[in-house]
Structure formats: structure tokens, C-alpha cells
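In this note's numbering, the protein residues as written are 105 to 218. Comments concern the structure below.
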Amino acid sequence: MANAFLCETDTAIGTGAATIYTCPSSTETTVIGLSVSNIVSSQILVSVKLNGSGRTSGAVDNVHLVKDAPIPVGGSLVVVGGDQKVVMEPGDTITVSSDTASSADVVLSHLDIS
């Protein structure tokens with residue numbers, strides 16, 4: 105099995121759900137960090153979802169990791185990090201949205217095992 109530490113980024117996320125990462129087939133992914141930063145001059149509210157539509161085991165649910173969380177001007181929110189990790193199965197996705205157009209930058213760090 106091959107292991108790889110990887111990083112995904114997206115910039116100026118707005119009101120539509122942006123897919124930050126999709127777990128590839130034949131791969132298990134552990135999200136080890138996910139940060140969202142406010143890049144505009146007013147507070148924003150962000151939501152991050154784990155979409156389990158590709159699940160082969162367990163419930164096929166779409167769940168919020170955080171919903172309408174406030175991020176102040178110049179601030180950021182660590183959604184995943186420290187002791188918390190999120191395991192993804194093939195086909196699972198992470199999406200991020202904001203209540204304000206072009207207002208959030210995202211960094212997602214993960215370990216892929218394939």
C-alpha cells in the first residue's frame with residue numbers, strides 16, 4: 105500500500121457549495137487538517153459538509169462538519185485539526201460554502217492510502 109501526504113486548496117469560495125476534495129477509488133483518505141479563512145471585509149458564515157454518496161459501507165449520509173459558523177474579518181476557522189480527524193471512503197466529498205460571494209479560502213491536508 106502506498107501512502108501520500110497531500111494538500112488541496114480553493115480560493116474565493118462563495119454561496120455555491122465548492123467541492124474541495126473527492127476521495128479517489130481504491131483509496132482511503134484521512135483528513136488531518138481543514139481550515140477556512142475569511143478574505144473579505146465583513147464577517148462570513150461558512151458550512152462544511154462530508155458527502156457520503158459514494159459509501160460502500162455504513163450509512164450513505166451527507167452531514168455537516170460545521171454549519172453557518174461565523175468567521176470574523178481577517179480570521180480563520182480550523183474545522184479539522186489537532187486530535188480530530190475525518191476518514192473518507194472512495195467517492196466521498198468535502199464541500200464548503202459561504203453566505204457571501206467570493207469570501208473564503210480553504211486549505212485541506214490529507215493522508216491517502218491506496
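Ideal Cβ positions, reconstructed from N, Cα and C, are used throughout, including at glycine.
Among residues of its own chain, excluding the 5 on either side of residue i, which ones have a beta-carbon nearer than 6 Å to its beta-carbon?
i, result
"Lys171", "Ser151"
"Ser139", "Ser180, Val182, Val211"
By the three-class DSSP mapping on this structure, what secondary structure does residue i have?
i, result
"Glu112", "strand"
Per DSSP, residue i is paired with what?
i, result
"Ile175", "Ile148"
"Thr119", "In DSSP, Thr119 forms no bridge with anything."
"Ser213", "Cys111, Gly137"
"Leu154", "Val167, Ile198"
"Glu132", "Ile217"
Is the beta carbon of residue i less than 8 Å from the beta carbon of residue j?
i, j, result
"Asn155", "Ala208", "no"
"Ser136", "Ser213", "The sequence given here has Ile at residue 136, not Ser. Yes, they are a contact pair."
"Ala122", "Thr204", "no"
Can you name, in chain order, every residue of its own chain whose Cβ lies under 8 Å from the Cβ of residue i, other than the five neighbours on each side?
i, result
"Gln147", "Pro174, Ile175, Pro176, Val177"
Practice prompt. State whether the region 108 to 118 contacts the region 171 to 183, with contact taken as three or more CB pairs (one from each stretch) at a distance under 8 Å.
Written response: When C-beta atoms of the region 108 to 118 are compared with those of the region 171 to 183, fewer than three pairs fall below 8 Å, so the two segments do not count as touching.
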